[in-house]
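In this note's numbering, each residue carries its 1-based index in the sequence shown increased by 208.
Taking it in order: structure first as C-alpha cells, then the write-up.
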Amino acid sequence: MRPTRRAVVLAGLGVVVALLPAAVHSGLWPLWPAYLTAFALALGNDALHTPRRRDLTAAAIVPDILYLGRGGQTANLILHLPSRRPVTVEIVADVAGCLAPQPALFVRLGETSRNGGSFDVPLVPTRRGRATVERLWLRWQGPLGLMSSMTRVKVNRKLVVAADLQPVRSLAVRLADPGVFRTGLRIERGSYGGGLELDSLREHVPGDDSRHIDWKASAHHRKLVIRQGRAERGQQVLIAVDSGHLMNEPLAGMPKLDHAVQAALLLTYLSLRSGDRVGWVAFDSRVRNWIEPQAGVRAFQLFGRMASRIAYSDEATDFSLGLTELSQRLGRRSRIVVLTDFLDALGAERMIESLSRLSRRHVVVFVALHDPRIAEIAGIADTAVLSDDHVALSRAAVAGALLRDRGLVLRRLARLGVRAVDAAPAQVAPWLIDTCLDRKSRWAA
C-alpha cells in the first residue's frame, strides 16, 4: 500500500499552510496543526478502508490462438475482492511478442456483484507469430483516493497469432456474384462466344458479333460460321506474395504482408470454388514458400497453413530471381497475380523488367498496396502554401512525387499488357474479384 498522487499534492499543500503564519500573520499558526491532523486522519482512514492485496483472488484465462485482424479478442480475468463499498480496479496487461500494449482497463467491483466479477482484457495482435501474456497488473484506491494497493497476477501464457481464415468465406460470399462460382463447374454455352473454350459452331445470323466469326470454318463451309464458347475450366492461377522488408511496414493496423496474404486467401478460395487450379509462392531475395497448383475447395486448408508460415523478412525483394524461378516452375500458361509494393519509379526498374519477361508467356496481374495517407498528405499542398507551413509543404511535395512515380510505373506496366492497380487494402479484394473472376471469360487465351 502506498500514497497516491493526490496524497502527495495534499502533503505539498500542507507546506504552504505551514508558511502562512510567517508570510501573512502570526495568528494563523493553529491552521498548520489542524491541517496536519486532518490530513493524517484522512490518510489513516483511507488506508484502513482500502482492500488489502492478500484479500484479492484473481485468475486469468488466455486463449491458445489469436487471429490477426479480428476484433474483440480478449483474455478473461476473474476477480474476487471483498469490500464494503464499490471499488474501481485499474488493469494493465503486460504483453510481449506480437501483441500491442493496450490502455489501462478500469472495472467497477461491488455494484452488480459484491465480491467481484469476470472481465475481458483486450488482446490486439499486430502481426503473425508467437506472443506472451506475461502478467496482469491490478491497482485500486481507497474511498478518498489517498492510498492505493497494487499487485500482479502472474500469467506467463504463450499463444500463437495466425492468419484469420474465417472472414475469407464470408467476404467471398458477400463480394462475389453466385454465377462466378458456377463458371467452369459445368458447361455454360454462350451464343456470343463469352467463354474461352470452343463449345460448338453455328451459322451466322444477323445481329451476331463479327468478332466471333470463325474465318477458317467459314471458308471451309463457304458460309459465315460463329464460334460458340463456354467458360474455360481448370485455369491455372499462381499467386506470388512478396515477403520482402518493404512488406513489413504497418498499414491499417497490420503489416502490408498480412493484407496481401488476406487478399491471396480470398482469391484462392474463390478460384478453387470456380474450378481453377491454384498455386502459391512467397519470395524475397529468393523463393521461400511454394505450393504446387491444387484443385478443389478442400485444398484451401493447405493454403491456410502456408499463410501462417510466411515469415517476415528483412531482406530486399529480388524480382529477377524470384519471378524467374517462378516462371521455370510453371509448365503451362497461367494467370499470375503478384501482390507487392514499391517505393518509386527508379527502384521499380528491375521489377518492371521481370514482369515484362513474365507477361510474354503468362497473363500477369499486378497489385501494389499503397497507404491512403500519402494522397491525403499530397492534397494539403495548397493549404500549406496559404498557411506558409514549410514543413507541411515539403511533406506534400514528397508525397506528390511518390504518387506521380507510382502512376508512371502503373502506366508502363499497362503498356506491357499487365493488368495493374495501386490500391488501399480495403480495395484490393473487390478489384481482384472483378479482374480475376467476374471477367474470367474475357481473359486472353
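Cβ atoms here follow ideal geometry from the backbone N, Cα and C, with glycine treated the same way.
Exposure label - residue 350; buried when at least 16 CB within 10 Å: Within the sequence shown, the letter at position 142 stands for residue 350. Residue 350 is buried by the Cβ-count criterion.
Residue 538 to residue 409 span [Cα, whole Å]: What you label residue 538 is simply residue 330 of the sequence shown in a count that begins at 1. What you label residue 409 is simply residue 201 of the sequence shown in a count that begins at 1. Taking the straight line joining both Cα atoms gives about 32 Å.
Residue 582 vs residue 604 beta-carbon contact at 8 Å: The count along the sequence shown starts at 1 and reaches residue 582 at position 374. The count along the sequence shown starts at 1 and reaches residue 604 at position 396. No, these two residues do not count as a Cβ contact at 8 Å.
Helix, strand or coil at residue 209 according to DSSP, with G and I counted as helix: In the sequence shown, the residue the question calls residue 209 occupies position 1. It is coil, neither helix nor strand.
Inter-residue spacing [alpha-carbon to alpha-carbon] between residue 229 and residue 236: Here residue 229 refers to the residue found at position 21 of the sequence shown. Here residue 236 refers to the residue found at position 28 of the sequence shown. Rounded to the nearest angstrom, the two C-alpha atoms are 5 Å apart.
Unbroken alpha helix (DSSP H) run spanning residue 613, endpoints: Residue mapping note: residue 613 aligns to position 405 of the sequence shown, counting from 1. Element bounds for residue 613: 598 to 623.
Through-space distance from residue 503 to residue 483, alpha-carbon basis: One-based indexing of the sequence shown puts residue 483 at position 275. One-based indexing of the sequence shown puts residue 503 at position 295. Going from the Cα of residue 483 to the Cα of residue 503 covers about 7 Å.
beta-carbon residue 625 near the ligand MG non-hydrogen atom, thresh 7 Å: With respect to small molecules bound, the structure shown includes none, and the ligand MG cannot be examined in it.
Range of the contiguous beta strand (DSSP E) that encloses residue 426: Taking the first residue of the sequence shown as position 1, residue 426 is located at position 218. Looking at the DSSP string, residue 426 is not in any beta strand (DSSP E); the run it does join, the alpha helix (DSSP H), is 423 to 429.
Neighbourhood of residue 421 by C-beta distance below 8 Å, restricted to the same chain and skipping five residues each side: As a position in the sequence shown, residue 421 is number 213, starting the count at 1. Cβ neighbours of residue 421 beyond the five flanking positions: 412, 432, 433, 434 and 435.
Whether residue 553 touches residue 613 by CB criterion (8 Å): Numbered from 1 along the sequence shown, position 345 holds the residue referred to as residue 553. Numbered from 1 along the sequence shown, position 405 holds the residue referred to as residue 613. The answer is yes: Cβ separation under 8 Å.
8 Å Cβ cutoff met for residue 454 and residue 549: Position 246 of the sequence shown, counting from 1, holds the residue named residue 454. Position 341 of the sequence shown, counting from 1, holds the residue named residue 549. Going by C-beta atoms, residue 454 is nearer than 8 Å to residue 549.
Bridge partners - residue 275, DSSP secondary structure assignment: For the purposes of this step, residue 275 is identified with residue 67 of the sequence shown, where counting begins at 1. Bridge partners of residue 275: 370.
Top-ranked residue by Cα proximity to residue 222, from 244, 210 and 231: Residue mapping note: residue 222 aligns to position 14 of the sequence shown, counting from 1. When only C-alpha atoms are compared, the closest one is 244.
8 Å Cβ cutoff, residue 434 in contact with chain B: Structure shown: chain B not included; a single protein chain is present.
Euclidean distance between Cα positions of residue 575 and residue 533: Looking up residue 575 in the sequence shown gives position 367. Looking up residue 533 in the sequence shown gives position 325. If you take the alpha carbons of residue 575 and residue 533, they lie about 20 Å apart.
For residue 510 and residue 389, the rounded distance between their alpha carbons: Locating residue 389 in the sequence shown gives position 181, where the first residue counts as 1. Locating residue 510 in the sequence shown gives position 302, where the first residue counts as 1. Residue confidence is low: residue 389 scores 49 on pLDDT, short of 50, so the model does not pin down where it sits. Its coordinate-derived value is still stated next. Using only the alpha carbons, I get a separation of about 20 Å.
Span of the beta strand (DSSP E) around residue 347: Within the sequence shown, residue 347 is the residue found at index 139, counting from 1. Residue 347 -> beta strand (DSSP E) spans 337 to 349.
Minimum length 4: unbroken alpha helix (DSSP H) runs contained in the segment 436 to 493: 464 to 481
DSSP beta-bridge partners of residue 314: Position 106 of the sequence shown holds residue 314. In DSSP, residue 314 forms a bridge with 298.
Candidates 472, 512, 499 and 517, of which the one nearest residue 547 by Cα: To locate residue 547, count along the sequence shown from 1; it is residue 339. For residue 547, the nearest C-alpha among the options comes from 472.
Beta-ladder partner(s) of residue 411, from DSSP: Here residue 411 refers to the residue found at position 203 when the sequence shown is read from its first residue. Partner(s): 433.
Beta bridge counterpart(s) of residue 514 as assigned by DSSP: Here residue 514 refers to the residue found at position 306 when the sequence shown is read from its first residue. None, per the DSSP bridge assignment.
Where residue 496 falls: helix, strand or coil (DSSP): Taking the first residue of the sequence shown as position 1, residue 496 is located at position 288. Residue state, collapsed to three classes: strand.
Length at least 3, wholly inside the segment 510 to 558: the beta strand (DSSP E) runs in chain order: 543 to 548
Nearest neighbour of residue 609, chosen from 628, 634, 622 and 585 [CA to CA]: Taking the sequence shown and counting its residues from 1, one reaches residue 609 at position 401. Answer by Cα proximity: 585.
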